[in-house]
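Participant: First to last, the sequence lines map onto chains A and B.
Going by this note's numbering, the first sequence opens with residue 24, and the numbers climb by one from there.
Going by this note's numbering, the second sequence opens with residue 139, and the numbers climb by one from there.
Next up is a structure, given as structure tokens.
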Amino acid sequence: MAHQSPILVTRLSKTYKVPEREGGFGAAVRSFFKRKYKDVKAVQEVSFKIEQGEIVGFLGPNGAGKTTTLKMLSGLLHPTSGGAAVLSFIPWELKPEYLRSMTLVMGQRNRLSWDIPAADSFLLNQAIYRIPDDEYKKTYKELDELLELEPLMKKPVRNLSLGERMKCEIAAGLLHRPKVLFLDEPTIGLDITGQARIREFLLEYNQRTGATILLTSHYMADVTALCERILIIHHGELKYDGGISDLSRRIAPFKLIGVMLADADTHDLSGYGIEVPNEEDLEKRYIQVNAGDVTGVTSRLLADLPIHDITITDPPIESVIEQAFQQ
Amino acid sequence: MVNIFKRLWQVNWAEQWQYRANLIMYLLYFLVSPVIYLAVWTSIAASRGEVNGFTTNDFITYYMTLLIVDQITSNIILHIFAYKVQDGSLSGELIRPIHPMLTNTLVNNIAFKALSLMGLTPIWIILFALFRPDYSGVTWLNMALSIPAMALGFIIGFLLSAAVTSLAFWTTRVYSISEFYFAIFLLFSGQFVPLPLMPDFVQEVAKYLPFQLSLYFPIQLILGKLSPEEIIQGFLAGILWLPISIGLFNWVWREGVRRYSAVGA
């Protein structure tokens, strides 16, 4: 059998028709008889493929089309045009065999019934996904080890904290050991420890099962910890597809030179590059220079100024990505 | 599949118990109109001896039976499903490998029925003591025949309500459409008044519509008011409407899900 990537997306597009009217009574009456619609192109001709076992970060500002893409790939939305194959299924046909082999974790309320303890929802999922008892016990034990679920299982879901609920949601979405995971903001609302735990867990799940993961997150720490590859989408168009380390070279081919000076505040650094603030290291002053000019600027700095210490670093990934969004 | 339904039952039964107060309010609301019709028609019949062949006892037994048959054949799809399309909470169910309407919503309806029938029983006994209906016309055969009749009435009613509620995929707000549907249902099902009291053309139209299968047909069947021909006619109508409602629901559902916009979340 020919090798096929588990996620294959070709020129996928989604246009929403959104009713539109001016404010005011007259406009309200007019719109009753004749509605005006505006086409909102949420996703435009997006193509990419993801190989088995990859963890890919899907980034973009709010409203860029990330969630719409995830919803199409999980089968919730029909695209306006273009195609996708996930595990060789067309997602929006919603074939039960497809739904049994993937998961979508979105927001906080999804798989768990609000009014009953999570344990009952888990057992329901076991039945729905036809998970044999021994396999269920094994998976549950693994999930419990990683996420410490046991103390949460007996409480009605409505009484859990946001972080506790998120842990249960993620676990509920993984009981059937999906081969493909779509995660929309899996760490949203969690504290730092909670975020770190979910990240560790996802890495371990990926290593144990070889699952393919596509995730969105607003926390760059999620992305840098989990993903070697990222996709950047903006205004519905795919702007970048590649390694996270290549991103700075392609989007922002510059370096940061940090200098510790004898009398830090008296010297004017504007002749060497653009001075940028760095809150993590207040002892040094930082200037941004083109990657090609680093050697020249460094030797001029050393020759001109009373320098105690000098460092040359890549710009932080957050600011590179931010810059990529703005382009 | 049996296991899925068992677990769905446990979850939905537990959920229904969470909303006991809601259930009591629903029961009171549900009781108001049949009990008013019952009181009005019995007093009219009492003053005139009978109305179009319906005696006082006919009215009492009709509405007392209606209270139970309606509980069994009606559904609450509109109340438990439409909002899920509106606020996007259907998403979680849509990506499970089971049909949201034909599994979870169905079981939820049945759990609701089971609980509301439990609540109805003491009220029914009180009404029985008050109105003292004469049920001597009821036979075991009629009772037995009413079971498949009510099952058919429930399934057809469920599928049609599911189809109407699925219009929410197009309009988002489906309440006005379903109000219209309920008005038609009220008129042609025999809920408002027993069908023989309606004008001839209404009776004629009602015969071909599926609504009487949920109320009028099983009620009159239990009460032994139908001739063998009418019983056969009723079951034939049910057997005919069953594939039509299945087809209609499937079509609306398939087209609707294509339009689902998975808002929120």
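Even glycine gets a Cβ: it sits at the ideal position worked out from N, Cα and C.
From a predicted model like this one, the values you see are computed outputs, not experimental measurements.
Short of 6 Å in beta carbon distance, which residues of its chain neighbour residue 212 (chain A), apart from the five on each side in sequence? Order them along the chain.
Facilitator: 185
Participant: So which of B:300, B:260, B:211 has the shortest CA-CA distance to residue 290 (chain B)?
Facilitator: B:211
Participant: Under a CB-based cut-off of 8 Å, is residue 57 (chain A) close to chain B?
Facilitator: no
Participant: Considering Cα atoms alone, identify which of A:56, A:115, A:192, A:65 is closest to residue 209 (chain A).
Facilitator: A:192
Participant: If you drop the 5 nearest sequence neighbours on each side, which residues of the same chain put their C-beta closer than 7 Å to that of residue 178 (chain A)?
Facilitator: 140
Participant: Pull out every residue of the region 145 to 164 of chain B whose Cβ sits closer than 7 Å to any Cβ of chain A, in chain order.
Facilitator: 145, 146, 148, 149, 152, 153, 156
Participant: What are the start and end residues of the beta strand (DSSP E) that includes residue 103 (chain A)?
Facilitator: It is not in any beta strand (DSSP E) - residue 103 (chain A) carries neither H nor E in the DSSP assignment.
Participant: Closest Cβ-Cβ distance between residue 365 (chain B) and chain A: below 8 Å?
Facilitator: no
Participant: Return helix, strand or coil for residue 87 (chain A), following the three-state DSSP convention.
Facilitator: coil
Participant: Answer with yes or no whether the minimum CB distance from residue 396 (chain B) to chain A is below 8 Å.
Facilitator: yes
Participant: Bridge partners for residue 71 (chain A) per DSSP, in chain order?
Facilitator: BP columns for residue 71 (chain A) point to A:32.
Participant: What are the residues in the region 333 to 347 of chain B lying within 7 Å of chain A by C-beta distance?
Facilitator: none
Participant: Can you give me the C-alpha to C-alpha distance between residue 385 (chain B) and residue 247 (chain A), rounded to a whole angstrom?
Facilitator: 51 Å
Participant: So residue 119 (chain A) contacts chain B; which residues on that side make the cut at Cβ distance below 8 Å?
Facilitator: Per Cβ cutoff of 8 Å: 235, 236.
Participant: Please state whether DSSP places residue 313 (chain A) in a helix, a strand or coil.
Facilitator: DSSP, read as helix, strand or coil, puts residue 313 (chain A) in strand.
Participant: Within the same chain, show all residues whose beta-carbon is closer than 7 Å to that of residue 382 (chain B), passing over the 5 residues directly before and after it, in chain order.
Facilitator: Contacts found: none.
Participant: Buried or exposed: where does residue 48 (chain A) fall if 16 or more other Cβ atoms within 10 Å of its Cβ makes it buried?
Facilitator: exposed
Participant: For chain B, is any of its Cβ atoms less than 8 Å away from the one on residue 129 (chain A)?
Facilitator: yes
Participant: Under a three-way DSSP split, which group does residue 319 (chain B) fall into?
Facilitator: helix
Participant: Could you give the C-beta distance for residue 361 (chain B) and residue 199 (chain B), rounded to a whole number, given that I count them as a contact under 8 Å?
Facilitator: Correct: roughly 6 Å between the Cβ atoms.
Participant: Helix, strand or coil: which one does DSSP assign to residue 198 (chain A)?
Facilitator: coil
Participant: Please classify residue 332 (chain B) as buried or exposed, where buried requires at least 16 neighbouring CB atoms within 10 angstroms.
Facilitator: buried
Participant: When you check each C-beta in the region 74 to 108 of chain A against every C-beta of chain B, which residues fall closer than 7 Å?
Facilitator: 94, 97, 98, 99, 100, 101
Participant: What three-state label does DSSP hand residue 258 (chain A) in the structure shown?
Facilitator: coil
Participant: Which residues in chain B sit within 9 Å of residue 264 (chain A), going by Cβ to Cβ distance?
Facilitator: Within chain B, no residue comes near residue 264 (chain A); the closest Cβ sits about 25 Å away, beyond 9 Å.
Participant: Closest Cβ-Cβ distance between residue 314 (chain B) and chain A: below 8 Å?
Facilitator: no
Participant: Helix, strand or coil for residue 290 (chain A), going by three-state DSSP, please let me know.
Facilitator: coil
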